[in-house]
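See below for the structure under consideration.
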Amino acid sequence: MKRIFSSRVFPLAVGLGLRLLFVVPFPATSGDTVLYEQIATNWLKHHVYAMDVHGALTPVDMRMPGYPAFLALIYALTGRTGESARLWVMLAQILVDLLGCLVIARLARILTCASENEAQGERAYAFALWLAAVCPFTANYTAVPLTEVFACFWTALACSVLVVALQRVKKPGFLLSSSYVPGVRSVEYAALGAGLIAGMGALFRPETPLVLVTAAIVLGVLLFRLGQFARWCLATVAMIVGCLVVLSPWALRNLLTFHEVQFLNPKYSTLPGELVPYGFMAWERTWLYRVRDCYLVPWKLDEEAIQVDDIPSRAFDSPAEKERVRDILEQYNEDLT
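The numbers in UniProt numbering rise by one with no breaks, and the one at position 305 of the sequence shown is 305.
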């Protein structure tokens, strides 16, 4: 039993079985799935990062290019696109997710390196690998063609490098016995690596660089105590530069295509020139706090009819206001059809 628990093969095999259990009998899709598939197909076939809008190819920046690039790669390898390629996409996501399990286990191992107890490190690695492999809340992401699997992978990888950077504050050369590159043992090099990885993650999910913000705060606390403000500045700049280097091609494309500086995607994920419903969003912020209400109201906007009776009563201050909203929604529903 101990041999099974400590092995790396068994948890990965169990994790593979669990993910196949989600992918084969229970594959799922989301509204964004079709969007990503359309962008990837146009990118592969027409060499334009675009959507079909009113029958015309329209360049967009409403989604980051990482996941469409992944889909385009799968399409090129399988000769299939869209819905017919989803099984292959999900199988590839299983491989990425299992690789992410190894990254998480490695992160746990790095966190225990400070104790210099090899047995403790191996136990942490084994526990983390099993937990990551059999966790159903992340395993089920593989059954949906979306960015969640990659968000987990890149975030875990960035955190692993950031932990190395934190350890090197007091232990220069942590996890690196020798190197021919001057300075590679420093905090700044680890911070640069974390920035590059977070930049890769941002190509899939734009919120990934938030891990760098957290790391900068923690590094600041540690280095300020040592009176090393300049070192903190260098590490922070290294993270920023690393992230921006990866995002620069995307930003350059947006500058040339839309004549705007956009390193991520638009705040409201709209098409170029599309009307942003600021008033609607300001109103929903006064009452929306449950996820289930998102399916009934905001996520239907411009797609499906919205019924006033689906809106919680807390959204209205008076019966008169509810009737006013009813009239507005009736007009919206008529225009939609």
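Beta carbons: idealized from backbone N, C-alpha and C, even for Gly.
Asked, Found
"Where Asp327 falls: helix, strand or coil (DSSP)", "helix"
"Residue closest to Glu188, alpha-carbon to alpha-carbon, out of Leu223, Leu210, Val261", "Leu223"
"Option nearest Gly195 by Cα separation, candidates Leu226, Met239, Cys233, Ser186", "Met239"
"Tyr289, buried or exposed, once every other Cβ within 10 Å from all chains shown has been counted against 16", "exposed"
"Contact under 8 Å by Cβ, Phe22 with Ala132", "no"
"As assigned by DSSP and simplified to three states, the class of Met90", "helix"
"Within-8 Å CB hit, Phe204 to chain C", "The chain inventory of the structure shown lacks chain C, comprising one protein chain alone."
"Beta-carbon proximity list for Leu210, same chain, < 8 Å, skipping 5 on both sides", "none"
"Limits of the unbroken alpha helix (DSSP H) element including Pro59", "That residue, Pro59, is in no alpha helix (DSSP H); its beta strand (DSSP E) goes 56–59."
"Distance between Thr112 and Gly121 (C-alpha atoms, nearest Å)", "5 Å"
"Alpha helix (DSSP H) segments (min. 4 residues) lying fully within the segment 143–223", "148–167, 187–202"
"Pro182 burial status per 10 Å Cβ neighbour count (16 or more: buried)", "A caution first: Pro182 carries a pLDDT of 45, below 50, which makes its placement in the model unreliable, though a value can still be read off. Exposed is the call here."
"Integer Cβ distance of Ala158 from Ala198, believed to fall under 8 Å", "5 Å"
"Ala238 - DSSP class collapsed to helix/strand/coil", "helix"
"DSSP three-state assignment for Met51, whether helix, strand or coil", "strand"
"contact_flag[the segment 21–35, the segment 139–150] where n(CB pairs < 8 Å) is 3 or more", "yes"
"Segment contact flag, the segment 41–55 with the segment 74–87, C-beta cutoff 8 Å, min 3 pairs", "yes"
"Residue span of the alpha helix (DSSP H) that contains Trp283, given as start and end", "278–284"
"Cα-Cα separation between Ala251 and Gly201, rounded to whole angstroms", "15 Å"
"Same chain, Cβ closer than 7 Å to Met62, neighbours up to 5 away in sequence not counted", "Asn265, Pro266, Ser269, Thr270, Leu271"
"Alpha-carbon spacing of Val161 relative to Ser186, whole angstroms", "12 Å"
"Alpha-carbon to alpha-carbon, Arg205 and Cys101", "19 Å"
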